[in-house]
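According to the working numbering, the residues represented by the sequence shown are 104 to 360, in order. Every residue, glycine too, gets a C-beta built ideally from N, C-alpha and C. Read through the structure below, which is laid out as structure tokens, and then see the notes.
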Amino acid sequence: MSFKSFLQKEVNINGKDADLFPSGYHQIGDIKVIKLKPEVLKYKRNIANAVLKLPNTRIVCIKRGKEIEAVTGGMDTETIHIEDGIKYKLDVRSFDFSRSYFKEKQRLVKKIKKGEVIFDVNSGIGELAIPLAKSGAFVYCFESDPIALAYLNKNRELNNILGNIRIKEGDARIEIPKLGKIADKVIIREHKGILLTLKDVIKKGGVIHYNTILNIGEEKELLKDIKSVFKGARLIGVKTIKKVSPKKHQAVLDIKI
Numbered sequence: 104m105s106f107k108s109f110l111q112k113e114v115n116i117n118g119k120d121a122d123l124f125p126s127g128y129h130q131i132g133d134i135k136v137i138k139l140k141p142e143v144l145k146y147k148r149n150i151a152n153a154v155l156k157l158p159n160t161r162i163v164c165i166k167r168g169k170e171i172e173a174v175t176g177g178m179d180t181e182t183i184h185i186e187d188g189i190k191y192k193l194d195v196r197s198f199d200f201s202r203s204y205f206k207e208k209q210r211l212v213k214k215i216k217k218g219e220v221i222f223d224v225n226s227g228i229g230e231l232a233i234p235l236a237k238s239g240a241f242v243y244c245f246e247s248d249p250i251a252l253a254y255l256n257k258n259r260e261l262n263n264i265l266g267n268i269r270i271k272e273g274d275a276r277i278e279i280p281k282l283g284k285i286a287d288k289v290i291i292r293e294h295k296g297i298l299l300t301l302k303d304v305i306k307k308g309g310v311i312h313y314n315t316i317l318n319i320g321e322e323k324e325l326l327k328d329i330k331s332v333f334k335g336a337r338l339i340g341v342k343t344i345k346k347v348s349p350k351k352h353q354a355v356l357d358i359k360i
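This is how it looks when you write it as structure tokens:
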């Protein structure tokens with residue numbers, strides 16, 4: 104039985120509304136997160152109660168835009184999510200654990216050479232930094248959000264990688280220049296203001312992995328911005344994470360310096 108059919112049976116709804124029920128959910132630890140269309144929000148509690156019957160479900164949340172509401176099972180939305188053997192502690196109402204980013208994390212981990220120095224700008228809870236450190240890289244995490252920093256520290260301890268991660272709290276544009284030209288790779292996320300700062304820390308031949316949302320085919324325009332700082336920069340790869348609209352996608356641009 105499909106997930107949608109299960110919901111239709113449990114909620115006992117037929118017709119047009121039942122056709123709009125979700126066909127799946129996002130599992131984060133022991134919490135299930137469901138997206139509902141506006142037309143069926145009136146059934147959210149019935150749907151959540153049905154989902155709560157499924158295995159490995161402590162809490163059911165409904166996601167609307169960027170907001171996540173705990174509907175049934177309690178209000179404690181902190182959980183431990185395990186992915187590729189790595190543990191991540193997080194509160195699902197504060198941090199989304201992206202399914203679409205999973206393959207990109209695997210791709211970046213495979214590119215890592217043991218002992219490489221990586222700057223991870225806006226690290227969040229360590230979703231990327233921790234698997235990179237587990238693979239033998241030395242990762243500097245730059246983060247200013249106090250809640251993200253707390254989880255980043257917890258996750259570093261949970262995975263026993265205290266030695267391979269250094270956490271730099273505060274504005275990355277201030278903290279990065281203090282470290283000197285030591286970075287083999289830099290990971291940035293929608294942070295154009297950081298480019299000038301990177302000029303003095305990334306080694307010649309190093310790589311910037313630039314995670315951004317842009318119009319499909321607009322990569323060369325973005326490269327022009329980067330070349331204004333790094334004259335010899337070359338685009339060596341583009342990896343689409345997901346489409347966000349018919350003309351836009353989230354992508355990671357690999358740029359060699």
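Write down the C-beta distance between LYS192 and ILE183 rounded to the nearest angstrom, noting that I regard them as a contact closer than 8 Å. Confirmed, about 5 Å.
Assigned exposure category for ASP223 - 16 Cβ within 10 Å defines buried: Per the 10 Å Cβ criterion, buried.
Helix, strand or coil for LEU193? Go by DSSP, reduced to three states. In the three-state reduction of the DSSP assignment, LEU193 falls in the strand class, which pools E and B.
Within 10 Å of its beta-carbon, does SER226 have 16 or more other beta-carbons around it, so buried, or fewer, so exposed? It is buried - the Cβ of SER226 has at least 16 other Cβ atoms within 10 Å.
State yes or no: is the C-beta of GLY309 within less than 9 Å of the C-beta of ILE360? Yes, the Cβ-Cβ distance between GLY309 and ILE360 is below 9 Å.
Could you compute how far the alpha carbon of GLY188 sits from the alpha carbon of GLU260? One Cα belongs to GLY188, the other to GLU260, and the distance between them is close to 14 Å.
Element boundaries [beta strand (DSSP E), containing ASP357]: ASP357 -> beta strand (DSSP E) spans 351-359.
Bounding residues of the alpha helix (DSSP H) (the contiguous stretch that carries THR300): Segment 298-301, the alpha helix (DSSP H) holding THR300.
With 16 as the cutoff for other CB atoms within 10 Å, does PRO249 come out buried or exposed? Around the beta carbon of PRO249, fewer than 16 other beta carbons sit within 10 angstroms, so the residue counts as exposed.
Proximity below 9 Å, CB of TYR313 to CB of LEU325: Yes. Within cutoff.
Our contact map puts PHE245 next to GLU278 with C-beta atoms below 8 Å; I'd like the distance itself, whole angstroms only. Right, their Cβ atoms sit about 6 Å apart.
Do ILE137 and VAL114 come within 9 Å of each other at the CB atom, strictly closer than that value? It is not a contact, given that the beta carbons lie outside the stated cut-off.
Can you tell me whether DSSP reads ARG337 as helix, strand or coil? The answer is strand: DSSP assigns ARG337 an E or B state.
Could you check which residue in LEU265, CYS164 and VAL355 has the C-alpha nearest to that of LYS346? In terms of Cα proximity to LYS346, the closest of LEU265, CYS164 and VAL355 is VAL355.
Along the chain, where does the alpha helix (DSSP H) containing TYR254 start, and where does it finish? Going by DSSP, TYR254 is part of the alpha helix (DSSP H) stretching over 249-261.
Whether LEU231 touches ILE268 by CB criterion (9 Å): For LEU231 and ILE268, no; Cβs fall outside 9 Å.
Measure the Cβ-Cβ separation of VAL77 and LEU282 and say whether it is below 9 Å. Residue numbering for the chain in the displayed model covers 104 to 360; residue 77 lies beyond these limits and cannot be assessed.
Under three-state DSSP, which class holds ASP120? If DSSP states are grouped into helix, strand and coil, ASP120 belongs with the helices.
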